[in-house]
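Enquirer:
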Amino acid sequence: MDITNVSSALSALQFSDTSSLTQSVSMKMLDNALDMNATMSDGITRMMENSVYPNLGGNIDISV
């Protein structure tokens with residue numbers, strides 16, 4: 023578990039106003055969703071780069 027996430031969650035619980043707590047939780051969820059989308063887009067980009075040579079690694083030349 024990430025210490026910064028725990029710290030931000032504890033500071034969010036200390037708010038007495040429920041609207042600010044709701045806003046903090048919403049912002050944290052949005053931040054996590056953006057991070058996940060960035061990770062997924064990096065993976066898709068790597069897959070597209072590898073698809074340029076679809077037959078790469080399909081054949082093995084063995085000679086003795």
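Be aware that the sequence shown starts at 23, since it is given in my numbering, and climbs by one per residue.
The beta-carbon is built from N, C-alpha and C at its ideal position, and this holds for glycine as well.
Predicted model, so just to flag it, every value in this text is computed and none were measured.
For K50 versus S63, is the C-beta spacing smaller than 8 Å?
Expert: It is not a contact, given that the beta carbons lie outside the stated cut-off.
Enquirer: Leaving out five residues on either side along the sequence, give the residues of the same chain with a beta carbon under 7 Å from the beta carbon of L52.
Expert: Result list for L52: empty, nothing under 7 Å.
Enquirer: Would you mind reading off the limits of the alpha helix (DSSP H) that contains L52?
Expert: That run of the alpha helix (DSSP H) goes T40 to N72.
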